[in-house]
Every structure is written in C-alpha cells, then in structure tokens.
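Quick note: the sequence shown, position 6, residue 86 per the numbering used here, numbers continuous. From the three backbone atoms N, C-alpha and C, an ideal C-beta is built for every residue, glycine too. Computed from a prediction, not measured in an experiment: that's the story for all the values here. One structure below.
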Amino acid sequence: MAMHPPAAVRAVLFDLDGTLLDSIPDLSEACHRMMLELGRAPHDIEVIRSFVGKGMLNLVRRCLSEHGTASEADMERAVAAFQRHYADVNGAATLLYDGVVPALQALRERGVAMACVTNKPTAFTGPLLARMGLADYFAVTVSGDTVAEKKPHPAPLRHACALLGVTAEQALMIGDSANDAEAARAAGMPVLLVTYGYSEGMPVDSIECDGLLSSLVEALPRILG
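Set out below in structure tokens:
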C-alpha cells in the first residue's frame, strides 16, 4: 500500500478512541450498567468494541437493537443511563496506546499543530483528555457535537483545519476506522490508519487509506521528513 502524505505536513488530526486511547473497558462498563438498569442482557466487551466509532447515540442504539427493537422512549432512557454511568467511569480503566506520548511530544517539539477530532460528545472528550494527560498537546478539539455532522462526514475535519489555520492539503488525519478514512478522503487530506484500533469490526487493511501504522511513532518520518 503506497503512502503519499504531502511533503510538508503542518497539522495532524487525531482520532481519539482506538487511536490515542483504548477506552473500550470504560465504554463497555458503562454499557453493561446501562443494560442492567434497563433490564436487558449486557453485551460482551468484544461486542461493544465492534459498536464503537460513530458516536454515543449509535453505540447506545446498537446495544439496544442487538436484542430486538428499541423505541424512541427506550432510546431516551438508555442515553440518559449511559451518560450517567459513563460520566462515572470515564478514564478509570482507559489506557494510552504505546507510542502515543512519544509521537505527540516529537510533533510538538517540531511545531506541528495538532487537533483531536472525535465522535465522542464534548462532555466526555475534555475530561478524558485531561485525565489521560493529553489535553495540552491539542490546540483544537472537535467532538461529536461540536459541528452539525460527525465523521465520516468531512465537516469535523474541515472545522479543525479552519481553527488551526491550515488547508486540508496541509493536514494529515490519523485514525483507526473507515469513519476516519472516509472523512479524510472527502475533506481532501491524506489519512493513515493504526492497526491496533477498533475499526467497527472491519479488517483495517481492507479500508482504503495512505498507509497503516502499528504505532504512532511510525508516522513521524512521514510527517517530519
């Protein structure tokens, strides 16, 4: 697979869950508590892993619909329960992936602007980045409710670029799923995908992108030259 990022990358946009952080343990715990509260059978953690990627509402809906139908009233109760439970556990068992901090430090030292672009709601994104010690690396954070659309729509990426003062051609997206790849393609920027993330149960090597990374540090030569 050819890798063709631009010669001068001025900004890097990072996905959060599955790219910077392994947040599945906390998301799974919140889903587990939510399902028990609703009187439904909870899902295994690996099932939850395949549900993550398109935001909180999609995660909750998939949890409910996996065991039958879910009315709007069911969804309202479930979302409220999930938000309450996830707020309690957000970051408690989340882990930084190897290579993340060294990569972010290297990019900061070279003056590369960075943004976190995630489908996670703002209420959870900021506290999680702060708890994991990553908040200070990002000049910009675009969450799932910052603009009207979520990834795979390109709007969040375009918004991040505008706030960073760069064009899409001067930016690079790094993520773990087709959501990231499709958003980057539509925004007109190159995209690299990590092989250790979630990718919604889809083999990551089957997703069209500009290259695969087993660690974020592998992106450094392609960004810094």
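Option in Arg157, Thr99, Met253, Ala173 with minimal Cα separation from Ile303: Met253
Those residues which DSSP pairs with Met194 across a bridge: Val92
Alpha carbon of Ala240 to alpha carbon of Val222, nearest angstrom: 6 Å
For Thr247, the first and last residue of its enclosing alpha helix (DSSP H): Thr247 -> no alpha helix (DSSP H), and no H or E assigned at all.
Sequence-distant residues of the same chain with beta carbon closer than 8 Å to Asp106, five excluded per side: Tyr166, Val169, Asn170, Gly171, Ala172, Ala173, Thr174
Cutoff 7 Å; reference Ser108; Cβ partners in own chain excluding five residues on either side: Ile125, Ile128
Counted within 10 angstroms of its Cβ, other Cβ atoms place Asp102 as buried (16 or more) or exposed: buried
Per DSSP, cross-strand counterpart(s) of Gly281: According to DSSP, Gly281 bridges with nothing at all.
Buried or exposed (CB count within 10 angstroms, at least 16 for buried), Pro234: buried
Contact between the stretch 223 to 230 and the stretch 192 to 211 (3+ Cβ pairs under 8 Å): yes
Chain-order list of residues whose beta-carbon lies under 6 Å from that of Leu296 (same chain, five-residue window excluded): Gly179, Val180, Ala183
Spatial distance of Val246 from Ala219 (CA atoms): 13 Å
Bridge partners - Met253, DSSP secondary structure assignment: Leu93, Val271
Thr149 - DSSP class collapsed to helix/strand/coil: coil
Same chain only: Cβ atoms within 6 Å of Thr275, ignoring 5 sequence neighbours per side: Val284, Leu292, Ser294
His84 (DSSP reduced to helix, strand or coil): Residue confidence for His84 is low, a pLDDT of 45 falling below 50, so the modelled location carries little weight; the figure read from the coordinates is stated next. Correct three-state label for His84: coil.
Alpha-carbon spacing of Met81 relative to Ala153, whole angstroms: Note that Met81 scores a pLDDT of 41, beneath 50, so its modelled location is shaky; the value from the coordinates is reported in the next line. Answer to the nearest angstrom: the Cα atoms are 46 Å apart.
Thr202 - DSSP class collapsed to helix/strand/coil: helix
Cutoff 8 Å; reference Ala161; Cβ partners in own chain excluding five residues on either side: Arg113, Met114, Glu117, Leu118
Cβ separation of Leu272 and Ala299, assumed to be a contact under 8 Å, to the nearest whole Å: 6 Å
Integer Cβ distance of Gly255 from Asn199, believed to fall under 8 Å: With 8 Å as the limit, Gly255 and Asn199 do not qualify as a contact, their Cβ atoms being about 10 Å apart.
Three-state secondary structure (DSSP) of Asp260: helix
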